[in-house]
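A short write-up of the structure that comes next.
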Amino acid sequence: METIYTRIALQNKIQQLKQQNTVIGFVPTMGFLHDGHLSLIDEARKICDVVIVSIFVNPLQFGPNEDFNNYPRALERDLKLCTNRGVDLVFAPPAEELIAQETLVVLNVSQLGTNLCGKSRPNHFQGVCAIVNKLFNLVQPNYAFFGQKDIQQFKIIERMVNDLFIPVKLKMVKTVRNSDGLALSSRNKYLSVEQRQHALIVPQVIAFIVSQIVKLRESQSQLTQEQQEILLGQVKDMVAKIPDSRVDYMEIVSSNNLQYTEDIKQELIIAAAIFIGSTRLIDNHILSAKSCEDTFIGK
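Numbering (the numbering used here), first residue to last: 976 to 1274.
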């Protein structure tokens, strides 16, 4: 496996690969890899000649009071995991390789980035798109792989790719979970043993919402705003019983545009962000159109 740290070296390598008509699979990460990241690598390995992983903790996607400085980093460990998983190349640039001292051109994220995580992290997705766009330009992948846990990020990057005519096919891979249902996340490292148990409320409340919608679909196709508020209020009551926990958001949105909808027969996304102590955990479930079967495995 080759490790590259500079844009120039990466561009030279990509030029060689393109001359050989190599199918490139790309997995962008912020490092501290876990089985969720490794599942993306596995999917890339299935259909691509070369698999490239980027490891870059992007400062542009962190707010002023967020955990950029404390975000877990373990480059040597990550490189070993990538080697063992059959990755061909890791791009691990320092910040100055990707971020200029003065940035004059930015990508604005509109409707898709205004709710869910965008409510409490207003510049988050602008920062994500800035770096992912640069990485796409550098790596020039045929395919790029992302996890479903960050579904809003996926939808926004999908729109960016379409709007900017970026020639890459995006693949979304199902969330990898622990045996008790908690979605894998680098931020799980922040949790104490007790908080780790409390964190199970995240998949539990999503499972509750999914089960309620599945039942309602048997008799109705619409869920009014008032009915949704009652349902989501029940979730807040469930979370309130967990020590040192609070809901950042819990929403039922259309899969098409991530916006509020009363039509519960279409494909829906049940999405949540919940603080366990100071650690913010996100999760979601995609409920297929008209499905009357509760298929959420995170419960």
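Beta carbons are placed, not taken as given, at the ideal position from N, Cα and C, and that holds for glycine.
**Report entry** Whole-angstrom C-beta distance between Ser1196 and Lys1240, which should lie under 8 Å
**Finding:** Confirmed, about 5 Å.
Report task. Determine the burial state of Thr1150: buried for a count of at least 16 other Cβ atoms within 10 Å of its Cβ, exposed for fewer. Result -> Thr1150 should be labelled buried.
Query raised in the report: Okay, do the segment 1080–1100 and the segment 1005–1014 touch, 3+ Cβ pairs below 8 Å being the bar?
Result: The segment 1080–1100 is not in contact with the segment 1005–1014.
Query raised in the report: Regarding Asn1153 and the ligand FMN, is the C-beta to nearest heavy atom distance less than 6 Å?
Result: This structure lacks the ligand FMN, and indeed carries no ligand of any kind.
Requested in this report: To the nearest angstrom, report how far apart Asp1017 and Pro1116 are at their CA atoms.
Outcome: Between the alpha carbons of Asp1017 and Pro1116 lies a gap of roughly 16 Å.
Report task. Tell me whether Glu1226 sits in a helix, a strand or coil according to DSSP, three-state version. Result -> It is a strand residue.
Query raised in the report: CA-CA distance, Thr978 and Ala1070?
Result: Approximately 16 Å between the Cα atoms of the pair.
Query raised in the report: Is there contact between the segment 994–1007 and the segment 1038–1049, where contact requires at least three CB pairs shorter than 8 Å?
Result: Contact between the segment 994–1007 and the segment 1038–1049 is established, with three or more Cβ pairs separated by less than 8 Å.
Query raised in the report: Looking at the structure shown, is Val1210 part of a helix, part of a strand, or coil, going by DSSP?
Result: For Val1210, the secondary structure class from DSSP, reduced to helix, strand or coil, is helix.
Query raised in the report: Should the segment 1076–1091 be regarded as contacting the segment 1099–1110, the criterion being three or more beta carbon pairs within less than 8 Å?
Result: Segment contact: the segment 1076–1091 against the segment 1099–1110, three or more CB-CB distances shorter than 8 Å; contact assigned.
Query - Beta-ladder partner(s) of Asp1258, from DSSP - result: Beta-bridge pairing links Asp1258 to Ala1247.
**Report entry** Selection from Arg1134, Val1143 and Gln994 that minimises the alpha carbon distance to Asn1275
**Finding:** Shown here, the chain extends from 976 to 1274; a query on residue 1275 therefore has no answer.
Query - Thr981 to Ala1067 span [Cα, whole Å] - result: Answer to the nearest angstrom: the Cα atoms are 8 Å apart.
Query raised in the report: Where does Arg982 fall in DSSP's three states?
Result: Arg982: helix per DSSP, three-state reduction.
Requested in this report: Could you please give the first and the last residue of the uninterrupted alpha helix (DSSP H) stretch that includes Val1189?
Outcome: Its alpha helix (DSSP H) spans residues Ile1176 to Arg1192.
Query raised in the report: Whole-angstrom Cβ separation of Leu1256 and Ala1182, contact assumed at under 8 Å?
Result: Not a contact, Cβ separation roughly 15 Å.
**Report entry** Where Asn1259 falls, given that 16 or more other Cβ within 10 Å makes a residue buried
**Finding:** Around the C-beta of Asn1259, 16 or more other C-beta atoms lie within 10 Å, and the residue is accordingly described as buried.
Query raised in the report: So what does DSSP say about Leu1087, is it helix, strand or coil?
Result: Three-state DSSP puts Leu1087 in a helix.
Report task. Measure the alpha-carbon distance for Thr1165 versus Asp1042 and round it to whole angstroms. Result -> Residue 1165 is actually Tyr in this sequence, not Thr. Each residue's alpha carbon lies about 11 Å from the other.
Query raised in the report: Along the chain, which unbroken stretches of the beta strand (DSSP E) at least 3 residues long are found entirely within the segment 1107–1145?
Result: Listed in chain order, the complete beta strand (DSSP E) runs (minimum 3 residues) inside the segment 1107–1145 are 1118–1122.
Query raised in the report: What is the rounded straight-line gap between the Cα of Val1148 and the Cα of Val1002?
Result: CA-CA distance, Val1148 to Val1002, rounds to 11 Å.
Requested in this report: Can you tell me which of the three DSSP states Val1103 falls into?
Outcome: DSSP places Val1103 within a helical segment (H, G or I) once states are collapsed to three.
Query raised in the report: Under a Cβ-count criterion, where at least 16 other Cβ atoms within 10 Å of its own Cβ denotes burial, should Ile983 be classed as buried or exposed?
Result: In summary, Ile983 is exposed, with fewer than 16 beta-carbon neighbours lying within 10 Å of its beta-carbon over all protein chains present.
Query raised in the report: Straight-line CA distance for Asn1090 to Leu992?
Result: Using only the alpha carbons, I get a separation of about 40 Å.
Query raised in the report: Per DSSP, Gly1000 is paired with what?
Result: The partner list for Gly1000 (beta bridge, DSSP) reads Val1026 and Tyr1118.
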